[in-house]
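Those protein sequence lines, which keep their order, are chains A and B. Numbering-wise (this note's numbering), the first sequence opens with residue 1 and increments by one. Numbering-wise (this note's numbering), the second sequence opens with residue 1 and increments by one. Backbone N, C-alpha and C fix where the C-beta goes; we use that ideal spot for every residue, glycine too. In this text, all values refer to a predicted model and were calculated from it rather than measured experimentally. One structure is given below, encoded as structure tokens.
2 protein chains.
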Amino acid sequence: MRRATVYDVAERAGVSIATVSFTYRQPNRVRESTRRKVLAAARELDYIPSANARGLAKGRTGVLGLYSFDLLLEHPLGQGNPASDVGLKSDVDSDLDGAEPNIRAYPLYVDEVQRGFELECWHQGQAVLLSSSDDGKRGESITDLAGRVDGLALFSWGESPEALKRLAKTIPVVMLSQSKGDLPVMYLSFDNESGMNRIVDHLVDVHGARRIVFIGTLDFPEVGVRLDIVKRRVHKRGLPACRPIDAVLDHRVLYQALAHVVREDKLPDALVCANDQMALSVMDVLLDLGIRVPRDVIVTGVDGILAGRFATPALTTVQLYMERLGRLAADSLAERDGQPWKEPRSAMAPARLVVRESCGCHGQAV
Amino acid sequence: MRRATVYDVAERAGVSIATVSFTYRQPNRVRESTRRKVLAAARELDYIPSANARGLAKGRTGVLGLYSFDLLLEHPLGQGNPASDVGLKSDVDSDLDGAEPNIRAYPLYVDEVQRGFELECWHQGQAVLLSSSDDGKRGESITDLAGRVDGLALFSWGESPEALKRLAKTIPVVMLSQSKGDLPVMYLSFDNESGMNRIVDHLVDVHGARRIVFIGTLDFPEVGVRLDIVKRRVHKRGLPACRPIDAVLDHRVLYQALAHVVREDKLPDALVCANDQMALSVMDVLLDLGIRVPRDVIVTGVDGILAGRFATPALTTVQLYMERLGRLAADSLAERDGQPWKEPRSAMAPARLVVRESCGCHGQAV
DNA sequence: CTTTAGAATCTAAGCGCATAGACTATAAAC
DNA sequence: GTTTATAGTCTATGCGCTTAGATTCTAAAG
Numbered sequence: 001m002r003r004a005t006v007y008d009v010a011e012r013a014g015v016s017i018a019t020v021s022f023t024y025r026q027p028n029r030v031r032e033s034t035r036r037k038v039l040a041a042a043r044e045l046d047y048i049p050s051a052n053a054r055g056l057a058k059g060r061t062g063v064l065g066l067y068s069f070d071l072l073l074e075h076p077l078g079q080g081n082p083a084s085d086v087g088l089k090s091d092v093d094s095d096l097d098g099a100e101p102n103i104r105a106y107p108l109y110v111d112e113v114q115r116g117f118e119l120e121c122w123h124q125g126q127a128v129l130l131s132s133s134d135d136g137k138r139g140e141s142i143t144d145l146a147g148r149v150d151g152l153a154l155f156s157w158g159e160s161p162e163a164l165k166r167l168a169k170t171i172p173v174v175m176l177s178q179s180k181g182d183l184p185v186m187y188l189s190f191d192n193e194s195g196m197n198r199i200v201d202h203l204v205d206v207h208g209a210r211r212i213v214f215i216g217t218l219d220f221p222e223v224g225v226r227l228d229i230v231k232r233r234v235h236k237r238g239l240p241a242c243r244p245i246d247a248v249l250d251h252r253v254l255y256q257a258l259a260h261v262v263r264e265d266k267l268p269d270a271l272v273c274a275n276d277q278m279a280l281s282v283m284d285v286l287l288d289l290g291i292r293v294p295r296d297v298i299v300t301g302v303d304g305i306l307a308g309r310f311a312t313p314a315l316t317t318v319q320l321y322m323e324r325l326g327r328l329a330a331d332s333l334a335e336r337d338g339q340p341w342k343e344p345r346s347a348m349a350p351a352r353l354v355v356r357e358s359c360g361c362h363g364q365a366v
Numbered sequence: 001m002r003r004a005t006v007y008d009v010a011e012r013a014g015v016s017i018a019t020v021s022f023t024y025r026q027p028n029r030v031r032e033s034t035r036r037k038v039l040a041a042a043r044e045l046d047y048i049p050s051a052n053a054r055g056l057a058k059g060r061t062g063v064l065g066l067y068s069f070d071l072l073l074e075h076p077l078g079q080g081n082p083a084s085d086v087g088l089k090s091d092v093d094s095d096l097d098g099a100e101p102n103i104r105a106y107p108l109y110v111d112e113v114q115r116g117f118e119l120e121c122w123h124q125g126q127a128v129l130l131s132s133s134d135d136g137k138r139g140e141s142i143t144d145l146a147g148r149v150d151g152l153a154l155f156s157w158g159e160s161p162e163a164l165k166r167l168a169k170t171i172p173v174v175m176l177s178q179s180k181g182d183l184p185v186m187y188l189s190f191d192n193e194s195g196m197n198r199i200v201d202h203l204v205d206v207h208g209a210r211r212i213v214f215i216g217t218l219d220f221p222e223v224g225v226r227l228d229i230v231k232r233r234v235h236k237r238g239l240p241a242c243r244p245i246d247a248v249l250d251h252r253v254l255y256q257a258l259a260h261v262v263r264e265d266k267l268p269d270a271l272v273c274a275n276d277q278m279a280l281s282v283m284d285v286l287l288d289l290g291i292r293v294p295r296d297v298i299v300t301g302v303d304g305i306l307a308g309r310f311a312t313p314a315l316t317t318v319q320l321y322m323e324r325l326g327r328l329a330a331d332s333l334a335e336r337d338g339q340p341w342k343e344p345r346s347a348m349a350p351a352r353l354v355v356r357e358s359c360g361c362h363g364q365a366v
């Protein structure tokens, strides 16, 4: 049984297909009585307009696309959970054990950005098309997605810059969490500058800190950016230069690094961590080392994850407004109405200092 | 500048448009050398196939749809946060304060189901179209969504049953978290039966419980279902009939209800709660009442939220595999390839007993 | 060199809608 | 009664692709 089309509805209502179309798209051009006839016919035939045909005719789809990371299986909810990655078929009960999600990852960066993107799209009356690929067909699936939408937001870009350049000539593209570049796309990132500056200022102004050490996995671009900002601010405030510690999220490695610092009796006033997960790990290690936070040393993070609120002491951090980033992306794309940018553009989502206990304050907002 | 089409590519490559199409869709029908010519031309012209035109020609979109709740603004991440609901324009800093997310809601039901849906779609090479509505245009936006996809999953249905019936005649529809009904759709729910039975059996067999009381907001359909199962099992095991307590997630109300029970000296062996949030609240109240869990009374939940793991004592519960529910939905829809179901169907996602401390065990899985 | 099966390519039609521009009905103005 | 402006409706076309069926090319067999 074929789906009903405008032709069926038109015939049944005794009008032309144009009138059917107008009934939906420009109702005020159709006489009230006619409109009712058409809608009745449509209801009787279970008519649902084909978005494909509409999109083809209008040259616009009314959909914005978001391309997620490939490795979504590394999501903390799916991690190591056989139920997650074996597909649906091996449905036996014994598959259902597995690692429980890692609370230190909530709320997840990607998910929050995605949520903001969705909300803003709906607010604008656009639908959201999500895509990703779990096998190697990344390039193909991005192209496929691009063919379906009026604008595209990407979390990362693994292919050649030429391919992205070509894509960006055809539809508007937003690069999420990349602060700048020279392709004609919209680069969206967080306001790391003001966030990190506010941390340093707070440490100096309120807590009189002088020796500030930065800890992070330095080969992550975002981390490098934050380090540079801290360095500059520390210098501007007339403090001794900020030494970075290059570390990874591994208890043993962190332990050695920090034990070294302690042994040398060079404990700084504050350990500014590149993100909250690092900060929480650092606090774990300091606990093991018998060093009290914030009394012996201040610890701060960046991100604003849930676990930071419930840590002891509660983590002072820079809250990044992930949802805002997503909304910005959707809003920017919707505004273009399918027109690619001609020049590189960039914008930032806000970052805000949240003062809790790990700096020595008692949880007031600043 | 118009987007390139098959015609442009065909002309540039010196072939017909059919050959261009074959190059992408049936590459083995095209000679290697020709294929290369075509792909080169396509690259030079930044050609991206129009999914609209393809969908129109093939009568299939390759997209599955998920319609979320209307009130996504009630999401715990957005709750009360002005940054969330005022739209993007009022971008001043002072907007950024607001309630912090409620940890007791994680991981959120909807999000996990959605995630499963996405993963399974990608696994099947389908894109995912999400939609929702923040104003009153629910009906329209569902129809719009339906016109864009080969299959549709719905969290709930607020409109008339007739409208849903009509929808279900046109494309395959999955109703999430509704166990049965008589429309020709796929009803998907959790295996409450085996989950609740296992709880009761565990309480009886391992902890020798006899007096079991069920607590929940009884006018939620899901809660009613669970209560009935517990009642039946309790009866089957030869225990005294299971009394339900109708309660809401409000500390004061819960306090009064439980204080009453305590005053009457009728504390049961176990309080089986309809879900984890209720269980956590019950444990809060019991603490206030000076009643120890699990020594004085056993408490159990249903859901498997994160907060249950970190509660003291850790919550014994029935873990519902939300992601599985989402995967099931996507898988069922993909299988239909656009063909609506003719008869009502139903399926269940697994539910599994997770034994932790609140029943008196020490965290072993069962 | 001719025949012929099969591979490669092409021609032509149609998918369901939107909309410009043509046409008709209606009503107000003359 | 005629003219004219306007609202209402229709005809006709094109959006970019897929694919059945027609046509042409290729190469092995005779």
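Measuring only the C-alpha atoms, how far is residue i from residue j?
i: A153 of chain B; j: K169 of chain B; result: 14 Å
i: A247 of chain B; j: R35 of chain A; result: 49 Å
i: A13 of chain A; j: A42 of chain A; result: 8 Å
i: V299 of chain B; j: L227 of chain B; result: 15 Å
i: H362 of chain A; j: V355 of chain A; result: 8 Å
i: K266 of chain B; j: G360 of chain B; result: 20 Å
i: E193 of chain B; j: H202 of chain B; result: 14 Å
i: P27 of chain A; j: M175 of chain A; result: 38 Å
i: V293 of chain B; j: P350 of chain B; result: 28 Å
i: N275 of chain A; j: D303 of chain A; result: 6 Å
i: V225 of chain A; j: Q319 of chain A; result: 16 Å
i: I229 of chain A; j: I245 of chain B; result: 57 Å
i: V20 of chain B; j: L325 of chain B; result: 40 Å
i: R166 of chain A; j: L45 of chain B; result: 9 Å
Use the C-beta contact count for residue i: other C-beta atoms within 10 angstroms, 16 or more gives buried, fewer gives exposed.
i: F310 of chain B; result: exposed
i: G139 of chain B; result: exposed
i: F220 of chain A; result: exposed
i: L254 of chain B; result: buried
i: S160 of chain A; result: exposed
i: Y7 of chain B; result: exposed
i: R29 of chain B; result: exposed
i: K180 of chain A; result: exposed
i: V206 of chain A; result: exposed
i: T312 of chain A; result: exposed
i: R252 of chain A; result: exposed
i: G380 of chain A; result: Here chain A comprises residues numbered 1 to 366, so residue 380 of chain A is not present and cannot be evaluated.
Cβ atoms of residue j and residue i: under 8 Å apart, would you say?
i: L306 of chain A; j: P172 of chain A; result: no
i: N287 of chain B; j: V149 of chain B; result: At residue 287 of chain B the sequence reads Leu, which differs from the Asn that was named. No, Cβ-Cβ distance for L287 of chain B and V149 of chain B is not below 8 Å.
i: F69 of chain B; j: F190 of chain B; result: no
i: E323 of chain A; j: G116 of chain A; result: yes
i: W122 of chain A; j: D134 of chain B; result: yes
i: S358 of chain B; j: L289 of chain B; result: no
i: A4 of chain B; j: L188 of chain B; result: no
i: Q126 of chain A; j: L66 of chain A; result: no
i: L271 of chain B; j: V297 of chain B; result: yes
i: K342 of chain A; j: P184 of chain A; result: yes
i: L333 of chain B; j: L129 of chain A; result: no
i: S50 of chain A; j: G195 of chain B; result: no
i: T61 of chain A; j: N52 of chain B; result: yes
Go to residue i, then tell me how far its beta strand (DSSP E) extends in each direction, as first and last residue.
i: V128 of chain B; result: A127 to S131
i: G65 of chain B; result: V63 to Y67
i: L154 of chain A; result: G151 to L154
i: S346 of chain A; result: R345 to A349
Could you check where the alpha helix (DSSP H) with residue i kicks off and where it finishes?
i: S141 of chain A; result: R138 to A146
i: A57 of chain A; result: A51 to K58
i: L176 of chain A; result: First-last for L176 of chain A: V173 to L176, but that is the beta strand (DSSP E), not the alpha helix (DSSP H).
i: L108 of chain A; result: Where L108 of chain A is concerned, there is no enclosing alpha helix (DSSP H), given that its DSSP letter is neither H nor E.
Can you give, in chain order, each stretch of the beta strand (DSSP E) that sits fully within the stretch 178-263 of chain A and has at least 3 residues? As far as the stretch 178-263 of chain A is concerned, its whole beta strand (DSSP E) runs of at least 3 residues are 186-190, 212-216 and 243-246.
Quick one: complete beta strand (DSSP E) runs, 3+ long, within the stretch 272-331 of chain A? Fully enclosed beta strand (DSSP E) runs of 3 or longer: 298-303 and 316-320.
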